[in-house]
Structure formats: structure tokens, C-alpha cells
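Enquirer: Would you mind keeping the following structure in view while I ask a few things?
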Amino acid sequence: MTGPPVRDIENQKQDYEKPVPDQLFDQSFKVEKPRFNDWPFALFFWAVVAGFIAVAGITLNALKKTYGLQGSSIYNSTNDFTLNTNTVILFGFVVVVGVVLSALVIVFARMAPRFFITSGLILNIILGLGTCIFYFVMHYYSAAIVFLVFTLFLAFCYWRARSRIPFSATVLEITIDVMKRYPSTLITSLIGILVSGLFSTLLSVVIVSTYVKYDPNSQNSACNVGGGSCSHSKLVGILVFVIFAGYYISEVIRNVIHVTIAGVYGTWYYLANSDQGEPRHPALGAFKRAMTYCFGSICFGSLIVSLIQLLKAGVQILKNDAFGQGDVCAGCGFLILDFIIGLLEWLVRYFNHYAYCYVALYGKNYIRSAKDTFDLIRFKGMDALINDCFINTSLNIWSMFAGYVCALLSYLYLRLTKPGYNSDGQYYAPVIAFAFMISGQITRIALTVIESGVSTFFVALAKDPEVFQMTNRDRFDEVFRNYPQVLQKIMSDH
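Numbering (the numbering used here), first residue to last: 114 to 607.
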């Protein structure tokens with residue numbers, strides 16, 4: 114079966130200027146009258162960073178001043194009332210495992226794109242079921258119920274999406290081919306993994322240090338160290354800010370990487386096969402735009418996701434505590450609320466990811482990009498964008514895989530090392546939640562290199578399918594066989 118004639122999609126109204134060949138990225142993807150979009154959100158982000166640095170300075174100083182009490186290894190801490198060096202070492206293991214798993218997932222996706230999609234879901238169902246059974250055997254019912262719900266949901270997703278896999282595999286193969294052509298995508302991802310790993314390490318230590326500094330226990334000598342007195346309200350308040358800052362900073366890092374990689378994929382789609390050639394160093398050009406004119410828009414969208422993540426983390430802790438105390442009714446209520454918030458987070462993330470493609474390629478502000486994303490969904494259909502492409506679901510599943518492994522690692526670590534502060538099991542829930550959060554952030558940042566390529570390809574294909582048809586006819590025909598709606602070109606109202 115051959116693809117449609119070029120004229121079928123070539124003679125439609127064009128509502129904007131396509132990128133033009135040039136030696137510089139800013140000239141190829143030119144923005145008329147460039148300005149710093151959404152700059153108040155950039156200022157807010159830097160204020161959050163400054164606040165996080167201040168809290169880190171205070172809490173790390175308390176940890177340093179009470180170093181003898183906290184200990185220097187897994188077993189020699191005399192602190193038996195709150196998190197200590199034992200937990201720092203655990204989070205160090207979590208960061209290392211998260212980085213290693215992220216790198217392995219990227220290598221796997223590059224070597225076997227089709228198998229990557231199918232195996233991701235199947236393996237996670239097996240691992241989720243195994244983890245669920247293990248927690249039931251160990252009588253840790255709250256975690257067992259959570260993993261059981263996730264496992265059943267994943268099995269349902271696989272059953273519903275199995276017919277969509279051929280199209281998704283084709284798109285993933287195209288994305289991987291571009292990764293091979295532009296090593297800067299992998300270099301950007303590697304830098305992202307290192308930066309997120311280092312920040313996650315710092316965040317882990319600051320979380321532990323916050324417990325050390327502000328736990329109101331009468332034996333806590335850190336209360337006398339500069340930075341204010343100890344109280345339960347201070348501990349909770351500062352911990353909420355630290356977790357929010359961790360989410361927000363990680364999300365901004367992730368989206369800067371996304372915008373940078375989107376610029377590279379946009380360069381390939383529009384200009385790689387042009388007679389005049391493509392701009393030099395597109396990754397650097399896209400990164401410059403991400404950190405200047407587009408940075409406020411990145412901070413805007415990241416703030417929305419971070420607030421939802423913070424709410425979700427709080428609900429997860431309340432849910433685990435409720436199940437741990439045997440309050441099944443409250444636990445089930447929080448479980449349902451956790452699922453609803455998780456769905457909302459997924460929708461916002463999905464929407465944002467396409468919006469940032471418009472930010473990267475056309476230099477638009479966040480609200481304008483969101484309107485264009487709405488057009489994308491309205492014209493192409495939610496079914497076409499979500500169900501026809503199973504790649505992002507597969508990537509999220511691999512992120513969840515890393516979370517499963519690190520959560521199980523944290524539980525086994527606490528159970529085997531038996532730190533004094535967890536003698537009654539009250540710290541299982543927060544430590545496992547922190548480990549899941551840290552590993553998930555690292556993996557999501559690492560997999561942005563694939564997710565960004567897929568999203569950018571969809572946006573460009575929806576706006577200018579004739580470009581891909583003329584420059585990659587064989588690949589276009591393969592896409593057309595599995596996805597005939599590719600002919601429906603978006604006509605924006607803006």
C-alpha cells in the first residue's frame with residue numbers, strides 16, 4: 114500500500130511561517146519581536162531556589178554540628194528518634210540505582226524499540242504482582258494494596274492498547290533513528306541524568322537534615338543549633354516546602370531538557386534534508402532559548418505540575434499511615450483520592466509536554482502554547498494522540514519500574530538494617546515515599562530524551578505532514594498504513 118499523493122495535504126492553508134534554513138538556530142526558528150515570556154514565574158522559581166538553599170544551609174549545618182549523634186555509617190548512629198545517616202546512605206543507594214536503571218532503559222529502547230514497548234508493560238505487571246505478594250506475606254498491607262491496584266491498572270492498559278503497538282513502534286523507531294543521527298540528544302540526556310542525580314542526592318540529605326534539625330524530641334541536641342527552635346509544626350511546614358522545592362526544581366530541569374531536545378528534533382524534521390542545510394549546534398541554540406526567552410514559560414507549566422505532585426505525595430503518606438494503623442475505610446478513601454490526583458497529574462503532564470514543543474519551536478508563551486495544544490487535541494482527537502501512541506505510557510511504566518525497585522529496596526533496607534528510629538515501623542511510609550519520589554524524578558528526566566522526540570514529531574507531523582511526506586516517503590507510508598489520520602492537518606485559529 115502506498116501513501117497518499119502529496120497534493121492531498123500540500124494545498125492546504127498555511128497559518129504561520131515554517132522554519133527556514135540558516136546557520137543559526139535562532140534564525141531558522143525565528144521569533145518576531147522576541148521577549149522574555151512569563152517572566153514573573155521565572156522570578157518565583159529563583160525565589161524558591163533561594164529558599165531551598167537557605168533551608169539546606171540551616172539543616173545541613175545542624176547535621177554537621179550533631180555529626181557524632183547521627184553517626185557515620187549504617188549502624189553506629191545513637192539517634193534512635195528520627196532519620197539519620199542510616200537514611201542518608203539508603204537514599205544514596207536509591208540515587209545510584211535510579212541513575213543506573215535510567216541509563217539501561219535508554220540503551221534498551223535504542224537497541225530494540227518494538228520489544229521495548231511490549232516488554233515494559235509485561236515486566237512491570239510481573240514485578241508489581243511479585244512485589245504485592247511479597248508485601249502481603251510480610252503483612253505490610255498498605256503497600257500491598259497500593260501495588261495491587263497499580264498492577265491491575267497496568268494489566269488493563271496492556272489489554273486495551275495491544276492493537277496500537279505497531280504504530281507506536283514505528284514512531285519510536287523514527288525517534289531512535291534521530292537520536293542516532295544527533296549525539297547531542299544523548300549528551301543532553303546524560304547531562305540531565307547527572308544533574309538530576311546530584312540534585313536528588315542533595316535533596317535526600319536535606320530531607321534527612323530537616324528531620325534532624327526540627328524534630329521536637331527532647332533528646333534532639335540539634336534543636337539548640339542556629340536556625341530556630343524545634344516543633345512539630347515547623348518540621349511539617351519546612352518539610353512540605355523542601356519537598357515542593359524538590360519537585361519544582363526537578364520539573365524545571367526536566368522541562369529545560371525537553372525544550373532543548375525538542376529544538377533538535379524540530380531541526381531534523383524541517384531542515385535536515387533541505388538543500389541549504391540545517392543550523393549548526395541546534396542543541397546549544399535550543400538550550401539558549403530555553404534559558405532565556407522561554408524560561409518563564411517553563412517555570413509556569415512546571416509550577417502547576419509541582420503543586421499537583423505535592424498534593425499527591427501528601428495523600429500517599431496519609432493513605433499509607435491510615436492502612437498502617439488499620440483504618441481501612443480512611444485508607445480506601447485516600448487510595449481513591451490518590452488515583453484521581455494521579456490521573457490529573459498525568460493529564461497536566463501530557464498537556465504540558467505538547468505545549469512545550471510549541472514553546473521550543475515557535476517561542477510562544479505558555480498560555481498561547483496551551484491554546485495551540487488544545488487545537489492539536491481538538492483537531493487530531495484525544496483517541497489519536499493518546500491511544501494510538503503507546504510510547505509515553507510505556508515510558509511512564511519504565512519510570513514506575515524504577516520506582517518499584519527503589520521502593521522495595523528501601524523497605525528491605527529498613528527491615529534488614531533495623532535503625533532505632535524505625536523500631537515501631539512508623540517511618541516505613543515516608544521513607545518509601547521519598548525513595549519512590551527520588552527514583553521517579555531521576556528516571557523521568559532521563560527518559561525525556563525519548564518523550565521529547567515523540568512529542569515534537571507529533572506536533573510537527575500534525576502541523577506540516579507534507580514536509581515528512583516529501584523528505585521521508587518510506588517512513589511516511591509506514592505511518593500512514595497504521596495511522597491514516599496523519600492526513601488531517603491542523604488549521605490553527607490563532
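Every residue, glycine too, gets a C-beta built ideally from N, C-alpha and C.
All figures in this text were calculated on a predicted structure; none of them were measured in a lab.
1) Closest to THR198 by CA distance: which of ILE558, ASN585, THR556, PRO532 is it?
2) How is the alpha helix (DSSP H) around PRO279 delimited, first residue to last?
3) Going by beta carbon distance, what residues of the same chain come within less than 6 Å of TRP159, once the five residues before and after it are set aside?
4) At which residue ranges does the region 472-536 contain complete alpha helix (DSSP H) runs of 4 or more residues, listed in the order of the chain?
5) Please list the terminal residues of the continuous alpha helix (DSSP H) segment that includes GLU610.
6) Is there at least one non-hydrogen atom of the ligand FAD closer than 7 Å to the beta-carbon of TYR540?
7) The alpha helix (DSSP H) with PHE157 in it runs from where to where?
8) On the criterion of 16 or more Cβ atoms from any shown chain inside 10 Å, does PRO597 qualify as buried, or is it exposed?
9) Between the Cα of GLN539 and those of VAL201, GLN438, LEU203, spot the shortest distance and give me the residue it belongs to.
10) Measuring alpha carbon to alpha carbon, tell me which residue in PHE413, LEU416, GLY446, ASN150 is nearest GLN429.
11) Flag this pair as yes or no: are the beta carbons of PHE138 and PRO329 separated by less than 8 Å?
12) Sorted by chain position, which residues of the same chain lie with C-beta nearer than 6 Å to PHE204's C-beta, five sequence neighbours on each side aside?
13) With 16 other CB atoms within 10 Å as the buried threshold, where does VAL220 fall?
14) Less than 8 Å between the CB atoms is what I'm expecting for ALA520 and ILE545, so what's the real figure, rounded?
15) How would you label GLY350, buried or exposed, when you count the other beta carbons within 10 angstroms and need 16 or more for buried?
16) Excluding the five sequence neighbours on either side, which residues of its own chain have a C-beta within less than 6 Å of the C-beta of THR298, listed in chain order?
17) Can you list, in chain order, the residues of its chain with a C-beta nearer than 7 Å to that of PHE266? Leave out the 5 residues immediately preceding and following it.
18) Quick one: what does DSSP say THR314 is sitting in, helix, strand or coil?
19) Only counting the same chain, and skipping five residues up and downstream in sequence, which positions put a Cβ closer than 6 Å to that of LEU173?
20) Let's test the definition: count the other Cβ atoms within 10 Å of the Cβ of SER272 and tell me whether it reaches 16, buried, or not, exposed.
21) May I have the straight-line CA-CA distance separating ILE499 from ILE289, to the nearest angstrom?
22) Is GLN582 buried or exposed, if buried means 16 or more other CB atoms sit within 10 Å of its CB?
23) Sorted by chain position, which residues of the same chain lie with C-beta nearer than 6 Å to ALA468's C-beta, five sequence neighbours on each side aside?
24) With DSSP collapsed to three states, give me the class of THR405.
25) Does the region 357-367 come within contact of the region 406-421, defined as at least 3 CB pairs closer than 8 Å?
26) Taking the straight line between their C-alpha atoms, what separation do you get for THR179 and TYR248?
27) For ASP151 and ASP537, what's the separation of their Cα atoms in angstroms?
28) Considering only the beta carbon of each residue, do VAL372 and CYS407 sit closer than 8 Å?
29) Taking 8 Å as the threshold (C-beta atoms), are PHE142 and GLY379 in contact?
30) What does the Cβ neighbour count give for ARG451, buried or exposed, with the cut at 16 atoms within 10 Å?
31) So, is ALA403 buried or exposed, given that buried needs 16 or more other C-beta atoms within 10 angstroms?
32) Residues in the same chain with beta-carbon distance under 7 Å from ASN478, minus the five sequence neighbours each way, listed in chain order, please.
33) Output needed for TYR476: all residues of its chain with C-beta closer than 8 Å, excluding positions within five of it in sequence on either side, in chain order.
34) Note down, in chain order, each residue of its chain lying with its Cβ closer than 7 Å to the Cβ of ARG557, except the 5 sequence neighbours on either side.
35) Measure the C-alpha to C-alpha separation of SER568 and CYS470 and round it to an integer number of angstroms.
36) Anyone know if the C-beta pair for GLY164 and ALA358 falls short of 8 Å?
Expert: Walking through what the data contain:
1) Residue numbering aside, residue 198 sits at position 85 when the sequence shown is read from its first letter. Considering only alpha carbons, the answer is PRO532.
2) For the purposes of this step, residue 279 is identified with residue 166 of the sequence shown, where counting begins at 1. Taken as a continuous stretch (DSSP letters only), the alpha helix (DSSP H) holding PRO279 covers 278-294.
3) What you label residue 159 is simply residue 46 of the sequence shown in a count that begins at 1. In the same chain as TRP159, and ignoring 5 residues on each side of it, no C-beta atom comes closer than 6 Å to its own.
4) Restricted to the region 472-536, the alpha helix (DSSP H) segments that are unbroken, complete and at least 4 residues in length are 479-493, 504-530, listed in chain order.
5) Limits of the chain in this structure are 114 at one end and 607 at the other, which puts residue 610 out of reach.
6) This structure lacks the ligand FAD, and indeed carries no ligand of any kind.
7) Numbered from 1 along the sequence shown, position 44 holds the residue referred to as residue 157. In the DSSP annotation of this structure, the continuous segment of the alpha helix (DSSP H) that includes PHE157 starts and ends at 152-178.
8) Residue 597 sits at position 484 when you count from the first residue of the sequence shown. Using a 10 angstroms sphere on the CB of PRO597, the tally of other CB atoms stays under 16, which defines it as exposed.
9) Start at 1 with the first residue of the sequence shown, and residue 539 comes out as number 426. Taking only the C-alpha atoms, the option nearest GLN539 is GLN438.
10) Taking the sequence shown and counting its residues from 1, one reaches residue 429 at position 316. Closest option to GLN429, Cα to Cα, is GLY446.
11) On the sequence shown, residue 138 is found 25 positions in, with the first residue counted as 1. On the sequence shown, residue 329 is found 216 positions in, with the first residue counted as 1. Not closer than 8 Å, so no.
12) The residue labelled residue 204 in the question sits at position 91 within the sequence shown. If we look at PHE204 and ignore the five residues flanking it on each side, its Cβ neighbours are SER317.
13) Position 107 of the sequence shown, counted from the start, is the residue given in the question as residue 220. Exposed, by the Cβ-count rule.
14) Working through the sequence shown from its first residue, we reach residue 520 at position 407. Working through the sequence shown from its first residue, we reach residue 545 at position 432. Indeed, because the Cβ distance is near 5 Å, the residues count as touching under 8 Å.
15) Translated into positions along the sequence shown, residue 350 becomes position 237. By the neighbour-count rule (16 or more Cβ atoms within 10 Å), GLY350 is not buried but exposed.
16) Sequence index remark: in the sequence shown, residue 298 carries index 185 (1-based). MET292, ILE374, VAL377, VAL562, listed in sequence order.
17) In the sequence shown, residue 266 corresponds to position 153, counting from 1. Within the same chain, and ignoring the five residues on either side of PHE266 in sequence, no residue has its Cβ closer than 7 Å to its Cβ.
18) Taking the first residue of the sequence shown as position 1, residue 314 is located at position 201. THR314: helix per DSSP, three-state reduction.
19) As a first step, residue 173 must be located in the sequence shown, where it is residue number 60. Same-chain partners within the cutoff: SER322.
20) Looking up residue 272 in the sequence shown gives position 159. Note that residue 272 is Trp in the sequence shown here, rather than Ser. By the 10 Å Cβ count, TRP272 comes out exposed.
21) Along the sequence shown, read from residue 1 onward, the residue named residue 499 stands at position 386. Along the sequence shown, read from residue 1 onward, the residue named residue 289 stands at position 176. Unreliable positioning characterises ILE499 in this predicted model, as indicated by a pLDDT of 49, which lies under 50. The coordinate reading is nonetheless provided below. Approximately 20 Å between the Cα atoms of the pair.
22) Start at 1 with the first residue of the sequence shown, and residue 582 comes out as number 469. Classified as buried, GLN582 has 16 or more neighbouring CB atoms from the shown chains inside 10 Å of its CB.
23) Locating residue 468 in the sequence shown gives position 355, counting from the first residue. The residues are SER482, ALA483, THR486.
24) Taking the first residue of the sequence shown as position 1, residue 405 is located at position 292. When secondary structure is reduced to three states using DSSP, THR405 falls in the coil class, being assigned neither helix nor strand.
25) Segment contact: the region 357-367 against the region 406-421, three or more CB-CB distances shorter than 8 Å; contact assigned.
26) Working through the sequence shown from its first residue, we reach residue 179 at position 66. Working through the sequence shown from its first residue, we reach residue 248 at position 135. Those two C-alpha atoms are separated by around 35 Å.
27) In the sequence shown, residue 151 corresponds to position 38, counting from 1. In the sequence shown, residue 537 corresponds to position 424, counting from 1. About 48 Å.
28) Locating residue 372 in the sequence shown gives position 259, where the first residue counts as 1. Locating residue 407 in the sequence shown gives position 294, where the first residue counts as 1. Less than 8 Å separates the beta-carbon of VAL372 from that of CYS407.
29) Within the sequence shown, residue 379 is the residue found at index 266, counting from 1. Within the sequence shown, residue 142 is the residue found at index 29, counting from 1. A contact, by the Cβ cut-off of 8 Å.
30) As a first step, residue 451 must be located in the sequence shown, where it is residue number 338. Note that residue 451 is Asp in the sequence shown, not Arg. Classification of ASP451: buried, given that the 10 Å Cβ count is 16 or more.
31) The sequence position of residue 403 within the sequence shown is 290, counting from 1. Per the 10 Å Cβ criterion, buried.
32) On the sequence shown, residue 478 is found 365 positions in, with the first residue counted as 1. Setting aside the 5 residues that flank it on each side, ASN478 is surrounded in the same chain by ASN150, ASP151, SER410, each with a C-beta closer than 7 Å to its C-beta; the list follows chain order.
33) Position 363 of the sequence shown, counted from the first residue, corresponds to residue 476. This sequence places Gly at residue 476; Tyr is not what is there. Cβ neighbours of GLY476 beyond the five flanking positions: PHE142, VAL144, PRO147, ASN150, ARG402, TYR406, CYS407.
34) Against the sequence shown, residue 557 aligns to sequence position 444. ARG367, SER512.
35) Translated into positions along the sequence shown, residue 568 becomes position 455. Translated into positions along the sequence shown, residue 470 becomes position 357. Each residue's alpha carbon lies about 7 Å from the other.
36) Position 51 of the sequence shown, counted from the start, is the residue given in the question as residue 164. Position 245 of the sequence shown, counted from the start, is the residue given in the question as residue 358. In contact: GLY164 and ALA358 (Cβ atoms closer than 8 Å).
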